[in-house]
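Undergrad: Chains X and U are the protein sequences, given in the same order. When you line the first sequence up against this note's numbering, it's residues 1037 to 1626, in that order. When you line the second sequence up against this note's numbering, it's residues 11 to 246, in that order. Let me begin by handing over the structure; questions about it come next.
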Amino acid sequence: MSNLRSLTFDAIIIGGGGSGLRAALELAKSGKQTAVLSKVFPTRSHTVSAQGGITCAIGAADPDDDWRWHMYDTVKGSDYIADQDAAEYLCSEGPKAVFELEHMGLPFSRFDNGRIYQRPFGGQSKNFGEGGQAARTCAAADRTGHALLHTLYQNNLKNNTTFLNEWYAVDLVKNASGDVVGCIAMCIETGEVVHVKSKATVLATGGAGRIYASTTNALINTGDGVGMALRAGFPMQDMEMWQFHPTGIYGAGTLVTEGCRGEGGYLINKDGERFMERYAPNAKDLASRDVVSRSIVMEILDGRGAGENGDHVFLKLDHLGEEVLNKRLPGICELSKTFAHVDPVTEPIPVVPTCHYMMGGIPTNIHGQAIMQDDSGKDQIVNGLFACGEAACVSVHGANRLGGNSLLDLVVFGRSAGRFIEGALNEGIDYLDATDADIQSAMKRLERWNGSEDGESVPDLKRALQDIMQTDFGVFREEKKMQEGVKRLAELRERINNAYLPDKSNAFNTARVEALELDNLMEVAEATAISALERKESRGAHSRYDHPDRDDVNWLKHSIYCPKTKQLGKRDVNFRPKTVDTFEPKIRTY
Amino acid sequence: MSNLQVSIYRYNPETDAAPYMQEFQVDTKGRDVMVLDVLHLMKEQDSSLAFRRSCREGVCGSDGMNMNGRNGLGCITPLSEVVKNGKLVLRPLPGLPVIRDLVVDMAMFYKQYERIQPYLQNDEPEPAIERLQSPEDREKLDGLYECILCACCSTACPSFWWNPDKFVGPAGLLQSYRFLADTRDTATRERLSDLQDPFSVFRCRGIMNCVAFCPKGLNPTRAIGKIREMLLADAT
């Protein structure tokens, strides 16, 4: 019945950003048949937009720096729902992963002694919060993501990774036992649909910031991997946890790195007051992102916002001087002139908290293996399915990610997933083949769009979705609005199920890709909304007027969203690091 | 420019025997938006319009295109910079085969990039930490590593139009020099000997369209000049 052409690999990696390319590099070096399948040419992935750096205790700025201090900051930053075994792995393996990047050629900025330049970032401390601000973020000027992504792509070329560039993964293929054995994918250039068979399928599809109307994320960040996993019936973890970056350029949403504040910049309200001194007396502008974003919103709500509508604040940089700005923050100077019509050398940049990062995602262990829960709520490995990077929830970020930890997450867990898969392939993996019916079931939504004859348009429905999320699930949340939001999303799902794809052509049909992306945005939005409504406390980035306090008795837990029942369950947080004592939950102040 | 007149290159290989220009009226509500924003408004009128885009902030290099005769990135080009007499003409990057509308086949461009072995080569054992590099040596990479592979330079270069298979082109040569200039790279000799032919580097005629159109303000011509100097020094 199935007349699709099939392609067979040992491992297929869906997504060509930092984590996907790092996993692929590991596998390509081991000689496994590895393919990276990416809907854009890999260097167009969103990792390229990361600016400030990669946080890691390499001891260049401070020879006494210690990965355990980094781990403490990470756990505290997460508001204590990061898994401590995973945070331990991230911070202790980090230095090796960063040195590897340097050996591969990443053009890091340098200190006078020739070591990698490190700058202060938010939420960083020495000596477990007792020793003042640390400078732990390794940087290539303010283009670290670009430098990292290009370096990884270049090293994949060197190691002959197979690239399926401008291919779009439609859905996962599961066999009769429920193992993931590949995916359905479409070549965007020709429209050809193929069955990709693989013993290991890695979702490295990044975030989904495009569920919000205002986001720092690229247009391609539509949560494709999360959408595929949810449609395949797999659970999501901590989906209510969305980071709003304090400094998106007002109006445009483009990111202004936290490195600006690391280099000495600070936020001011319409009266020119450095208001973070009131909200975070010690760390001030370098408090963690959830704290700074909430402070900005409170300034605005209290009538101290700037501009005609009083709806933003300013980031002041001019006191740093032209030389520092040109040397350390050249990209910001460019972006600010282009999108805010402001030269930071002389004027402050108008900024506002903007959706930036999905802390939640596909639950995995430190090897990237996807996890589901059995009927008794116990963890169970999903055979054949892996995730890493922003699409995954290991979880090292918990309820709030620290700046600079995202790039480290990509390379540490991309690498570990690659290594684990290599080992598993060496031991031998043998799953049942997918039947025609299994393949057919993964073809359903593509066929739905291809057969659509009339209905609402994709851009209209996308806007409606983004408006719901922006209005009802923003920086501050409350029960009633979220209930309405969940209801409106359920209605929207019906409308999307009946939407219309007018252009059925095959060659480079971007309208079809955008339609398929809309399904994924819908999955991510609904998982986010239901998780946010059901977590009845405030923790990290999840902040509720009606439940303003952290509730460790009931919610020192991961949330687990089940797509089949649309119910929210709980999963234990790991408090058992292997080589250090547990960091016990404390009141979180900066 | 509330009502902008846009003329855009259209070609769908499945339905069009030949490319044609299509006219659009776009209401920008009087704002000086970016060309990419205009394309999104046009796509809402006609969803079959195809173009690439990703970061929408000038760092991913997806939306290189020709706007009123000049190559650049749609996402960071405001209308006020390109529109003449209320009219905007959009075409795909010149010199590469068109797949559909503004989407070009970049295979030849990428091939020339791959040809220069765009990765660090160092045959010495790796230290336990990073390789040290002085800030002065690191500074030699500024203006080189920032390339986003958008192809605005190479597709504005007559030498590349003429010999896309033999002339590496400004983007590839900029990256070639990025590794030649890196004090951590030990393959200088091999890199230079791979370029010792009349075409790879020497087809550059110093026209400098690459410099004029690079949306990141980089200077491939200067890098090519440096490679020439190294090649000539190597030959003597």
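A virtual CB, placed ideally from N, CA and C, is assigned to each residue, including glycine. In this text, all values refer to a predicted model and were calculated from it rather than measured experimentally.
Consult DSSP for ASN1462/X and reduce its assignment to one of helix, strand or coil.
TA: Taking the first sequence and counting its residues from 1, one reaches residue 1462/X at position 426. Helix, per DSSP.
Undergrad: DSSP state of PRO145/U, grouped into three classes?
TA: Along the second sequence, one-based indexing puts residue 145/U at 135. DSSP places PRO145/U in helix when its eight states are reduced to three.
Undergrad: Under DSSP, the beta strand (DSSP E) around ASP33/U begins and ends at which residues?
TA: Here residue 33/U refers to the residue found at position 23 of the second sequence. Position check: residue 33/U holds Glu in this sequence, whereas Asp was assumed. First-last of the beta strand (DSSP E) with GLU33/U: 30-37.
Undergrad: Smallest Cα separation from SER1541/X: which of ASP42/U, MET116/U, ALA60/U, GLN35/U?
TA: The residue you call residue 1541/X lines up with position 505 of the first sequence. Nearest option by C-alpha distance: ALA60/U.
Undergrad: Please go through the same chain and pick out, in chain order, the residues whose beta-carbon is closer than 7 Å to the beta-carbon of ARG1524/X, but skip the five residues on each side of it.
TA: Translated into the one-based positions of the first sequence, residue 1524/X becomes position 488. Hits under 7 Å: ILE1504.
Undergrad: Quick one: which chain U residues come within Cβ less than 8 Å of SER1085/X?
TA: Walking along the first sequence from the start, residue 1085/X turns up at place 49. By Cβ distance, chain U contributes CYS65, GLU67, VAL69, CYS70.
Undergrad: Which residue wins for smallest C-alpha separation from SER210/U, given the options GLU149/U, ALA197/U, PHE177/U, GLU124/U?
TA: As a first step, residue 210/U must be located in the second sequence, where it is residue number 200. It is PHE177/U.
Undergrad: Can you pull out the residues from the stretch 1045-1079 of chain X whose beta carbon lies closer than 7 Å to at least one beta carbon of chain U?
TA: VAL1076, THR1079
Undergrad: Is it buried or exposed for ASN81/U, if we count other Cβ within 10 angstroms and need 16 for buried?
TA: In the second sequence, residue 81/U corresponds to position 71, counting from 1. Its Cβ being crowded by 16 or more others within 10 Å, ASN81/U is buried.
Undergrad: Quick one: what's got a C-beta closer than 7 Å to ASP244/U's C-beta in the same chain, skipping five residues either side?
TA: Position 234 of the second sequence, counting from 1, holds the residue named residue 244/U. For ASP244/U, where only same-chain residues beyond five positions count, the Cβ hits under 7 Å are LEU202.
Undergrad: Rounding to the nearest angstrom, what Cα-Cα distance links VAL45/U and ALA1097/X in this structure?
TA: Locating residue 45/U in the second sequence gives position 35, counting from the first residue. Locating residue 1097/X in the first sequence gives position 61, counting from the first residue. Each residue's alpha carbon lies about 43 Å from the other.
Undergrad: Give a yes or no on whether the minimum CB-CB distance between GLU1394/X and chain U is below 8 Å.
TA: If you number the first sequence from 1, residue 1394/X lands on position 358. The question names Glu, but residue 1394/X in the sequence shown is Met. So no, MET1394/X is outside the interface.
Undergrad: Just the C-alpha distance for SER1442/X and LEU89/U, rounded to the nearest angstrom, thanks.
TA: Locating residue 1442/X in the first sequence gives position 406, where the first residue counts as 1. Locating residue 89/U in the second sequence gives position 79, where the first residue counts as 1. Cα to Cα, SER1442/X sits roughly 35 Å from LEU89/U.
Undergrad: Is there a Cβ from chain U that is less than 8 Å from the Cβ of GLU1138/X?
TA: Locating residue 1138/X in the first sequence gives position 102, counting from the first residue. Chain U contact via Cβ: present.
Undergrad: Identify whether VAL178/U lies in helix, strand or coil by the three-state DSSP scheme.
TA: On the second sequence, residue 178/U is found 168 positions in, with the first residue counted as 1. If DSSP states are grouped into helix, strand and coil, VAL178/U belongs with coil.
Undergrad: Using a Cβ cut-off of 8 Å (strictly closer), state whether GLN1502/X contacts chain U.
TA: By 1-based counting over the first sequence, the position of residue 1502/X is 466. For GLN1502/X, the answer is no, since every Cβ of chain U falls outside 8 Å of its Cβ.
Undergrad: Can you say whether LYS1622/X is buried or exposed, counting buried as having 16 or more other CB atoms within 10 angstroms of its CB?
TA: Against the first sequence, residue 1622/X aligns to sequence position 586. With fewer than 16 other Cβ atoms within 10 Å, it is exposed.
Undergrad: Count the other CB atoms, across all protein chains shown, that sit within 10 Å of the CB of LEU1501/X; report buried if there are 16 or more and exposed otherwise.
TA: Sequence index remark: in the first sequence, residue 1501/X carries index 465 (1-based). It counts as buried.
Undergrad: Quick one: is THR1180/X near chain U, going by C-beta distance under 8 Å?
TA: Reading the first sequence from its first residue, position 144 is the one you call residue 1180/X. So, not an interface residue.
Undergrad: Indicate the three-state DSSP secondary structure (helix, strand or coil) for MET1037/X in the structure shown.
TA: Here residue 1037/X refers to the residue found at position 1 when the first sequence is read from its first residue. Any reading at MET1037/X needs caution, since the residue's pLDDT is 45, under 50, leaving its predicted position unreliable; the model's value is listed next. Looking at MET1037/X - three-state DSSP - the assignment turns out to be coil, as it is neither helix nor strand.
Undergrad: How is ASN1191/X classed by DSSP in three states: helix, strand or coil?
TA: Sequence index remark: in the first sequence, residue 1191/X carries index 155 (1-based). If DSSP states are grouped into helix, strand and coil, ASN1191/X belongs with the helices.
Undergrad: Quick check on the DSSP output: the alpha helix (DSSP H) that includes PRO1282/X runs from which residue to which?
TA: Working through the first sequence from its first residue, we reach residue 1282/X at position 246. Unbroken run through PRO1282/X is the beta strand (DSSP E), 1278-1285; no alpha helix (DSSP H).
Undergrad: Under 8 Å by Cβ, that's how I've got LEU1468/X and ALA1268/X pegged, so tell me the actual separation to the nearest angstrom.
TA: As a first step, residue 1468/X must be located in the first sequence, where it is residue number 432. As a first step, residue 1268/X must be located in the first sequence, where it is residue number 232. Not confirmed; about 16 Å, so no contact.
Undergrad: Exposed or buried, which one is ASP1585/X when buried takes at least 16 other CB atoms within 10 Å?
TA: In the first sequence, residue 1585/X corresponds to position 549, counting from 1. The residue is exposed, with fewer than 16 neighbouring Cβ atoms inside 10 Å.
Undergrad: Assuming ARG1325/X is part of the beta strand (DSSP E), what are its boundary residues?
TA: On the first sequence, residue 1325/X is found 289 positions in, with the first residue counted as 1. First-last for ARG1325/X: 1325-1337, but that is the alpha helix (DSSP H), not the beta strand (DSSP E).
Undergrad: Between LEU1184/X and chain U, is the shortest Cβ-Cβ distance under 8 Å, so that the two count as touching?
TA: By one-based count along the first sequence, residue 1184/X stands at place 148. Closer than 8 Å: no.
Undergrad: Tell me whether ALA1288/X sits in a helix, a strand or coil according to DSSP, three-state version.
TA: Translated into the one-based positions of the first sequence, residue 1288/X becomes position 252. Looking at ALA1288/X - three-state DSSP - the assignment turns out to be coil, as it is neither helix nor strand.
Undergrad: Enumerate in chain order the residues of its own chain whose CB-to-CB distance from ARG1104/X is below 6 Å, with the five nearest sequence positions on each side excluded.
TA: Counted from its first residue, the first sequence places residue 1104/X at position 68. If we look at ARG1104/X and ignore the five residues flanking it on each side, its Cβ neighbours are VAL1616.
Undergrad: Beta carbons nearer than 7 Å to chain U: which residues of the stretch 1188-1201 of chain X have them?
TA: Result list: GLN1190, ASN1191, LEU1193, LYS1194.
Undergrad: Got a sec: which bits of the stretch 1356-1387 of chain X sit with their beta carbon under 8 Å from any beta carbon on chain U, in order along the chain?
TA: GLY1367, GLU1370, LEU1371, THR1374, PHE1375
Undergrad: What does SER144/U reach in chain X if we use C-beta pairs closer than 7 Å?
TA: Sequence index remark: in the second sequence, residue 144/U carries index 134 (1-based). Here the neighbours are ARG1146, GLY1150.
Undergrad: List the residues that DSSP assigns as beta-bridge partners of ILE1090/X.
TA: Within the first sequence, the letter at position 54 stands for residue 1090/X. The partner list for ILE1090/X (beta bridge, DSSP) reads CYS1174/X.
Undergrad: Buried or exposed for ALA1221/X, please, with buried defined as at least 16 other CB atoms from any protein chain shown within 10 angstroms of its CB.
TA: Taking the first sequence and counting its residues from 1, one reaches residue 1221/X at position 185. The residue is buried, with at least 16 neighbouring Cβ atoms inside 10 Å.
Undergrad: Can you list, in chain order, the stretches of the beta strand (DSSP E) that have 3 or more residues and sit fully within the stretch 1050-1084 of chain X?
TA: 1070-1074
Undergrad: Strictly by DSSP, which residues pair up with ARG1513/X?
TA: Looking up residue 1513/X in the first sequence gives position 477. DSSP, once it has assigned bridges, lists ARG1580/X as partnering ARG1513/X.
Undergrad: For TYR1315/X, collect the residues of the same chain with a Cβ closer than 6 Å to its Cβ; drop the 5 residues on either side in sequence, then sort them by chain order.
TA: Residue 1315/X sits at position 279 when you count from the first residue of the first sequence. Excluding positions up to five away in sequence, the list reads SER1331.
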